[in-house]
Amino acid sequence: MLLKEKLERGKLVVTCEINPPKGVEVAEQIKELDSLKGRVDAVAVTDNKSSVMTMSALIFSYFLKERGFEPILNLSCRDRNRLALQADLLGAAALGIQNILVVTGDYASMGDHPQAKPVFDLDAVQLLKTLQILKQGQDLGNNLIKGKPVFFPGATVSPVPSTEAALELQLIKMEKKAAAGAKFFITQPIFDLRALDNFMKRAVKFKVPVLASILPLKSVSMARFLNKNMPGIFVPEEIINELGNAPDRVKGGIEISAKLMRSLPGICQGIHLIPAGWEKFLPAILEAARI
Amino acid sequence: MVLLEIRKSAEIFREVDKGRKVFIAACMGWPNFCNPGGEAQLRQIKGELELLGVNFTGSLILDALCNKGWDELSLLKKLRQVGQADLILALTCQVGKEILEASGKKIVPAATTIKVEGFEGLWTEKEPCRLCGECFLDLSGGLCPLYFCPKALLNGPCQGADQGRCEVDRQRVCGWELIYARLRKLDKLEILKIYAGPRDHSEILPLLRLRTSVALAVSKI
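Keeping their order, the protein sequence lines are chains A and B.
In my numbering, each number is its position in the first sequence, counted from 1, plus 370.
In my numbering, each number is its position in the second sequence, counted from 1, plus 2.
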């Protein structure tokens with residue numbers, strides 16, 4: 371069943387995130403993903419994530435589709451102006467890639483090409499609207515296009531930002547994204563279920579399914595790094611202690627993710643795994659979470 | 003605001019072939035918002051380059067070159083002093099360098115213009131306006147998102163702010179959190195729900211043309 375159908379029928383969905391290679395070899399990486407076949411509903415392909423240059427997300431999505439996966443093409447506002455974004459969207463539609471996750475994108479200075487010109491010609495809300503316009507057979511310049519592309523648009527949200535103002539602003543922007551056509555939301559990595567639950571109580575009125583991101587913790591220092599450096603990510607002290615006290619670091623990390631995943635179905639409609647280098651442990655995490 | 007970074011003598015020297023006759027011109031600039039360094043900086047660069055063997059035919063200190071009070075005649079009269087020199091070493095910002103092109107000589111910059119914001123040489127402090135040709139102040143409590151948000155997002159913040167600080171520069175407050183605070187104070191938070199469409203970048207083009215100053219036009223003759 372397609373991601374769209376599953377979400378529309380209110381079923382629990384599991385997706386995961388994959389970064390395209392920084393290079394030209396794809397075969398091996400895609401083969402490694404075979405262990406996830408049938409276990410995840412769709413695979414989100416990142417678009418120069420964290421402003422680090424990798425292979426085109428559109429091309430890599432196509433490779434995944436050829437291998438039998440359902441891709442979610444991430445589309446960042448950082449690297450392309452409205453012409454390039456629409457051009458990629460038409461290409462995606464022609465290749466049958468319908469799931470589009472619209473993201474703002476980190477600033478160029480955060481990545482491995484800090485000298486690059488950040489574009490941000492459109493913002494995420496405007497890009498979602500653009501998808502709507504294309505779907506009606508038009509482009510942003512009010513010209514007719516041949517055919518009507520089919521898209522299933524999604525967007526991102528940060529449910530646990532660090533200030534009250536930021537939380538209110540996230541909710542307002544979420545509402546705008548939903549109004550602009552977002553059919554699903556993917557969150558920042560979640561470790562604090564109570565905070566997510568509080569957020570969901572306020573976000574439920576938008577009637578758009580939310581997939582909570584799960585980022586496996588590889589070490590205590592990783593958890594501390596996230597807390598110190600990653601906006602919108604908060605690992606509670608008890609989880610850090612649990613990992614620190616685990617006799618086996620890897621098993622401990624897997625169990626923490628699995629435990630979070632087991633609790634999510636009561637709070638939101640989906641789980642989005644961000645392996646961040648732990649691709650090989652994803653089957654074990656899904657196993658432990660009994661999903 | 004114009005910020006100048008004086009180039010290293012050795013670097014300038016490579017562009018000023020030994021044996022050529024060099025004239026040096028320095029702009030006085032405007033106190034408080036540009037820093038060509040005037041006479042003191044001129045003497046320093048001249049001294050350093052003379053040690054390297056550069057032969058100067060003369061020097062000239064000019065009132066702020068971007069001052070619209072300059073007219074063609076008075077500028078060209080001043081530039082007569084350049085005489086037989088092969089090139090002018092310009093201790094000025096980019097605007098001054100272009101104006102000195104009116105002399106018909108090769109211009110070698112002694113400084114790099116590293117930042118230009120707002121009107122060059124007219125305002126004495128930062129002006130939080132991008133001269134974008136459209137105005138979004140009604141959607142943002144009077145604080146321009148193009149100025150206060152490095153990503154120039156029009157429909158609310160990204161997810162990069164941490165403790166209210168901007169992802170791009172932790173010294174800065176997130177522009178959208180400033181806008182939020184302002185609108186809350188005005189009891190107009192509902193404005194944030196209004197959709198702002200894409201910018202019209204074509205609006206910027208005629209403004210660029212209008213910004214050309216009299217002195218700059220002289221340099222194009």
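Just so you know, even glycine gets a beta-carbon here, dropped at the ideal spot from N, CA and C.
Given the structure is predicted, the values throughout are model-derived calculations rather than measurements.
- Rounded to the nearest whole angstrom, the C-alpha separation of Q399/A and Y197/B is 41 Å.
- Within the region 183 to 197 of chain B, the residues whose Cβ lies closer than 7 Å to some Cβ of chain A are A183, L194, K195 and Y197, listed in chain order.
- For the region 485 to 498 of chain A, the residues whose beta carbon sits under 8 Å from a beta carbon of chain B are, in order, P488, F490, D491, L492, D493, A494, V495 and Q496.
- Membership of V495/A in the alpha helix (DSSP H) is indicated by the continuous run A494 to K505.
- Against chain B, the beta carbon of K546/A has neighbours under 8 Å at N157, G158, K195 and Y197, listed in chain order.
- For W178/B, the nearest beta carbon of chain A is closer than 8 Å to its own beta carbon.
- Pairwise C-beta distances place the region 557 to 565 of chain A out of contact with the region 186 to 196 of chain B, as fewer than three of them are shorter than 8 Å.
- Chain B has no Cβ within less than 8 Å of the Cβ of Q639/A.
- Annotation: the continuous alpha helix (DSSP H) that includes Q43/B extends over G40 to L53.
- In chain order, G158, L194 and K195 make up the part of chain B whose C-beta sits under 7 Å from the C-beta of I542/A.
- By the criterion of a C-beta distance shorter than 6 Å, L91/B is surrounded in its chain by V24, I26, V110 and A112, once the five residues flanking it on both sides are discounted.
- Neighbours of E538/A in chain B, taken as residues whose beta carbon is under 9 Å from its own, are Y182, R186, L191 and L194 in chain order.
- With respect to chain A, the C-beta atom of V175/B has no partner C-beta closer than 8 Å.
- In the structure shown, D164/B adopts extended strand secondary structure according to DSSP, grouped into three states.
- Counting C-beta pairs closer than 8 Å gives fewer than three between the region 492 to 510 of chain A and the region 568 to 581 of chain A, which falls short of the contact rule.
- Taking each of G31/B, R22/B and G144/B in turn and checking the Cα distance to V97/B, the smallest one comes out for G31/B.
- With a threshold of 8 Å between beta carbons, S633/A makes no contact with chain B.
- Here L541/A is not near R564/A, since their CB atoms are 8 Å or more apart.
- DSSP places G98/B outside any beta strand (DSSP E); the residue lies instead in the alpha helix (DSSP H), whose first and last residues are Q96 to L102.
- Contact of E169/B with chain A is assigned, a C-beta pair being separated by under 8 Å.
- With 16 or more other Cβ atoms inside 10 Å of its own Cβ, V383/A counts as buried.
- The beta-carbon distance between A536/A and E179/B, rounded to whole angstroms, is 6 Å. This is short enough to meet the 8 Å contact definition.
- Setting aside the 5 residues that flank it on each side, R452/A is surrounded in the same chain by D491, L492, T500 and L510, each with a C-beta closer than 8 Å to its C-beta; the list follows chain order.
- For P531/A, the closest Cβ of chain B is nearer than 8 Å.
- By the CB criterion at 8 Å, I181/B and S142/B fall inside the cutoff.
- Within the region 134 to 146 of chain B, no residue has a Cβ lying closer than 9 Å to any Cβ of chain A.
- A Cβ-Cβ separation of about 12 Å leaves P586/A out of contact with I641/A under the 8 Å criterion.
- Under the 8 Å criterion on CB atoms, G166/B is classed as interfacial with respect to chain A.
- One thing to note: E440/A has its Cβ within 8 Å of the Cβ of A412/A.
- In the DSSP assignment, E7/B forms a beta bridge with T114/B.
- By the C-beta criterion, the region 77 to 89 of chain B is judged not to be in contact with the region 629 to 644 of chain A, since fewer than 3 inter-stretch pairs fall below 8 Å.
- Between G49/B and chain A, the shortest Cβ-Cβ separation is not below 8 Å.
- Taking a C-beta cut-off of 7 Å against chain B, none of the residues of the region 394 to 405 of chain A qualify.
- The beta carbon of G21/B is closer than 8 Å to those of N57 in its chain, skipping five residues each way along the sequence.
- Under the three-state reduction of DSSP, E192/B is assigned to helix.
- For the options R437/A, A464/A, C447/A and F554/A, the alpha carbon positioned closest to that of L155/B is the one of C447/A.
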